[in-house]
Each structure stands twice: as structure tokens, then as C-alpha cells.
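Asks: Encoded as C-alpha cells, here's the structure I'll be asking about.
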Amino acid sequence: METLIYFLFWAAVIFLMMRFGCGSHIMGHRHGGGRSGSGTSTTGSGGLRWEPPEKDVDPVCGMTIETAAAKSAVHDGTVYYFCSQVCREKFEANPTAYLKKTAESSQHAEHSHEHRH
């Protein structure tokens, strides 16, 4: 009986880790894919696969970068790309500051675009 309880305990721990923790991505949980839907998601015989956009904008310095050579980080289920390790570390230290700055600049661009004639 002790062995059965021991086995069930470890099975439950592994299940919870796979479901909610470090292995949750294996279970097929997707939270929006890439950055603002800019990547593509394809399903083939190998399962679900996400392909990043060819280029993206570093949220820290605003530089346009090629994602193949970029550093990346995930925040709230969204992948962000950076020109350098330094920019990635700045973002990871305070992501909300850079996301707020990015949102404000995109709103400003949309607002100025709406009033052109």
C-alpha cells in the first residue's frame, strides 16, 4: 500500500508540473502565439509549430531586427525579440515599462495616421 501511495504522489507531481508548470507548452497550451500575432502558426504531422516573423522591433531601443539572429524572451505568453543581451536584460528587469512605452508610441502613430488627409 505504501508503494502505491508513493507512486500516486509522484505521478500527481509530474502531472501538475506538465499541466501548469515547466512542461505546460508540451501539452499544447498557446497563449496568443507570437508578438501581436505577427508570427504564423502551422499544424503538420509534427504537431503545432510557431514560426516567428522575419523581422521585429526591439521594445527597448526600437531597433528593427532580424528574428533569426535576435535574442528573445517570453512575457505573458508573447515572444519579444531584442538586438542584444543588454536590451533583453533591461526588458526582463522591468517589462511593463517597455511595453507601456511601446503601446504609447503605437497609439500615437495610429492617432497621427487617422488625421492625415
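Under the working numbering, the sequence shown has 58 at position 59, and the numbering climbs by one with no breaks. Glycine included, C-beta positions come from ideal geometry on N, C-alpha and C.
(1) What is the residue span of the beta strand (DSSP E) that Glu65 lies within?
(2) Is it the case that the Cβ atoms of Thr101 and Pro58 are separated by a distance below 8 Å?
(3) Is it true that the CB of Ile64 sits closer than 8 Å to the CB of Asp55?
(4) In angstroms, rounded to a whole number, what distance separates the CA positions of Glu88 and Val78?
(5) If you check the beta carbons only, do Cys60 and Ala69 fall under 8 Å apart?
(6) Return the CA-CA distance between Pro52 and Ala92, expressed in angstroms with no decimal places.
(7) Leaving out the 5 sequence neighbours to the left and right, which residues in its chain are closer than 8 Å to Ala10 when beta-carbon positions are compared?
(8) Can you name the residues that DSSP bridges to Asp55?
Replies: Answer, in terms of the structure:
(1) Counting from 1 along the sequence shown, the entry for residue 65 is found at position 66. Note, Glu65: beta strand (DSSP E), 63-65.
(2) What you label residue 101 is simply residue 102 of the sequence shown in a count that begins at 1. What you label residue 58 is simply residue 59 of the sequence shown in a count that begins at 1. Yes, the pair counts as a contact, with Cβ atoms nearer than the cut-off.
(3) By 1-based counting over the sequence shown, the position of residue 55 is 56. By 1-based counting over the sequence shown, the position of residue 64 is 65. Yes, these two residues count as a Cβ contact at 8 Å.
(4) Along the sequence shown, one-based indexing puts residue 88 at 89. Along the sequence shown, one-based indexing puts residue 78 at 79. Looking at the backbone, the Cα of Glu88 and that of Val78 are separated by about 14 Å.
(5) Start at 1 with the first residue of the sequence shown, and residue 60 comes out as number 61. Start at 1 with the first residue of the sequence shown, and residue 69 comes out as number 70. The answer is no: Cβ separation not under 8 Å.
(6) Along the sequence shown, read from residue 1 onward, the residue named residue 52 stands at position 53. Along the sequence shown, read from residue 1 onward, the residue named residue 92 stands at position 93. Taking the straight line from one Cα to the other gives about 25 Å.
(7) Within the sequence shown, numbered from 1, the residue matching residue 10 stands at position 11. Once the five neighbours on either side are set aside, Ala10 has no close Cβ partner at all.
(8) Residue mapping note: residue 55 aligns to position 56 of the sequence shown, counting from 1. Beta-bridge partners assigned by DSSP to Asp55: Ile64.
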